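For reference, the structure discussed in these notes is given below.
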Amino acid sequence: MDIEYLLLLQRLREAAGAVLTPLMELVSELAASSVTIGAAAFIFWAVDRHFGGFLMLNYVGSSLLTQIVKLTACVYRPWVRDSRVHPVITALDTATGYSFPSGHTQSATAIYGSVGLWYGRKRRWLAVLMVVMILLTAFSRNYLGVHTPQDVLAGMALTGGYLWLNGKVAARLERQPGFDKTVAAVGTAAALAAVVWFSCKSYPLDYVDGALLVDPEAMMEDGFMAAGMVFGFYPGWLIERRWLRFSTAQRSAGQYLLAAAALVPMLLIYKLLPGLLAGLTGPLWAEFLSCALLAFYVMALVPALICRLQKRQKA
1 MDIEYLLLLQ
11 RLREAAGAVL
21 TPLMELVSEL
31 AASSVTIGAA
41 AFIFWAVDRH
51 FGGFLMLNYV
61 GSSLLTQIVK
71 LTACVYRPWV
81 RDSRVHPVIT
91 ALDTATGYSF
101 PSGHTQSATA
111 IYGSVGLWYG
121 RKRRWLAVLM
131 VVMILLTAFS
141 RNYLGVHTPQ
151 DVLAGMALTG
161 GYLWLNGKVA
171 ARLERQPGFD
181 KTVAAVGTAA
191 ALAAVVWFSC
201 KSYPLDYVDG
211 ALLVDPEAMM
221 EDGFMAAGMV
231 FGFYPGWLIE
241 RRWLRFSTAQ
251 RSAGQYLLAA
261 AALVPMLLIY
271 KLLPGLLAGL
281 TGPLWAEFLS
291 CALLAFYVMA
301 LVPALICRLQ
311 KRQKA
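All letters in the sequence shown, in the order written, are residues 1 to 315 by UniProt numbering.
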């Protein structure tokens, strides 16, 4: 049934030509692009520290949860399962890893869901818009032929559950600030445990005409990235929460400029560091270490610079 649904969308896509495809690709890309992640970091540094931290807490944690399920279930992509499925060629670059659940849908649910939860109570129209964006992102992954309906439904359900859990954690942190050490320890341990699981578990090794159908090492890359992000995030989150505590209440032009300038090293770490480390550590650990540094940079190193700037401005 899932494949038949994708084939129906495929026929509609072919009949419509390229009318809707660019829009679906844009919707899909918005949820998981480096621009979106950069925007989240800028919000944290210069617009709203509390919301930015909440947003990234939801994003990095749900990313790792999704990758754990992906690399445990090891479900092949639709076109691997059925040769009749022909995904949009330009969408294949972002269709990395196994199929179930959808990472783009997870990202959309984490980001748009965080916005809706944080601001939607006073702005009902914004909450509705965020729900529409989540559903539209999920549909775009089906329309482009890179995910089945169950992939996107699972992505929404897992991330929705994670957002609910984080809401409970945030409420406890309000009542019991010292609980942050436990949260950071559990998050960091979960990242390490995930890497051990990814490295030690077995993967399907199916061959077609003597060639490996899906390379498990290539499938593990996103998992190592997500684990690295969580591993670097929680220590940085704890340091910022306990010792830095910079402010976004009274923002200055200097803080905006610093936040904008800090996006450049962030992009360089994301784009260049894995390639530089790969020869020393191998590609998987290069991704892990790069993402760990990236998350720590966002959560602790840049906030430390902002704190220094704010102290100098007060002096």
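All residues carry an ideal CB built from backbone N, CA and C; glycine is no exception.
This structure is a prediction, so every number in the text was calculated from the model and none was measured.
For the set Ile43, Leu284, Gln150 and Trp237, the Cα lying nearest the Cα of Lys181 is the one of Trp237. A distance below 7 Å between beta-carbons, with the five flanking residues on each side excluded, links Leu136 to the following residues of its chain, in chain order: Val27. In this chain, His86 is not harboured by any alpha helix (DSSP H), its DSSP state being neither H nor E. Annotation for Ile111: the continuous alpha helix (DSSP H) segment containing it runs Gly103 to Tyr119. Counting the other Cβ atoms within 10 Å of the Cβ of Glu287 gives 16 or more, which makes it buried. The shortest CA-to-CA distance from Ser247 to any of Asp206, Gln310 and Ala194 is the one to Gln310. When the beta-carbon positions are compared, Phe42 and Leu263 come within less than 8 Å of each other. Val195: member of the alpha helix (DSSP H) spanning Asp180 to Cys200, first to last residue.
Distance from the CA atom of Ala73 to the CA atom of Arg141, rounded to whole angstroms, is 19 Å. Here Val230 is not near Trp45, since their CB atoms are 8 Å or more apart. Within the DSSP secondary-structure output, Tyr207 pairs in a beta bridge with Leu212.
The beta carbon of Ile3 is closer than 8 Å to those of Pro78, Arg81, Asp82, Arg84, Val85 and Thr148 in its chain, skipping five residues each way along the sequence. Taking all protein chains in view, the Cβ of Lys271 is surrounded by fewer than 16 other Cβ atoms within 10 Å, so the residue is classified as exposed.
Taken through DSSP and simplified to helix, strand or coil, Met24 comes out as helix.
The residue from Leu9, Pro216 and Arg241 with its alpha-carbon nearest to that of Phe54 is Arg241. In this structure, Gly223 and Gln67 form a Cβ contact; the two beta carbons are roughly 4 Å apart against a cut-off of 8 Å.
Of the candidates Gly167, Gly279 and Ala18, Ala18 places its Cα closest to the Cα of Thr90. In the assembly as shown, Met56 is a buried residue. Its beta-carbon has 16 or more other beta-carbons within 10 Å.
The alpha helix (DSSP H) runs of length 4 or more contained entirely in the stretch 238 to 262 do not exist; there are none. Contact check for Ala226 and Ser33: beta-carbon distance about 16 Å, past the 8 Å limit, so the pair fails to qualify.
Rounded to the nearest angstrom, the Cβ distance from Thr36 to Ala110 is 11 Å, too far for a contact under 8 Å.
A residue is called buried once 16 or more other Cβ atoms fall within 10 Å of its Cβ, and Asp93, having fewer, is exposed.
The Cβ atoms of Lys122 and Tyr98 lie no closer than 8 Å to each other. If you check the CB distance, Ser107 and Val152 do not come in under 8 Å. Secondary structure at Lys122: coil, using DSSP grouped into helix, strand and coil. Judged by their CB atoms, Met266 and Leu289 are not nearer to each other than the 8 Å cut-off. In the structure shown, His50 falls within a helical segment according to DSSP collapsed to helix, strand and coil. Taking a 10 Å sphere around the C-beta of Cys291, we find 16 or more other C-beta atoms and assign the residue as buried. Here Gly187 is near Tyr234, since their CB atoms are less than 8 Å apart. In terms of Cβ geometry, Phe198 and Ala154 do not form a close pair [threshold 8 Å]. Excluding the 5 residues flanking it on each side, Ala31 has same chain C-beta neighbours closer than 7 Å at His104, Ser107, Ala108, Ile111 and Thr137, in chain order. Cβ contact annotation for Gly38 (same chain, cutoff 6 Å, sequence separation greater than five): Leu263, in chain order. Met156 is the residue among Leu23, Met156 and Phe139 whose C-alpha sits nearest the C-alpha of Tyr59.
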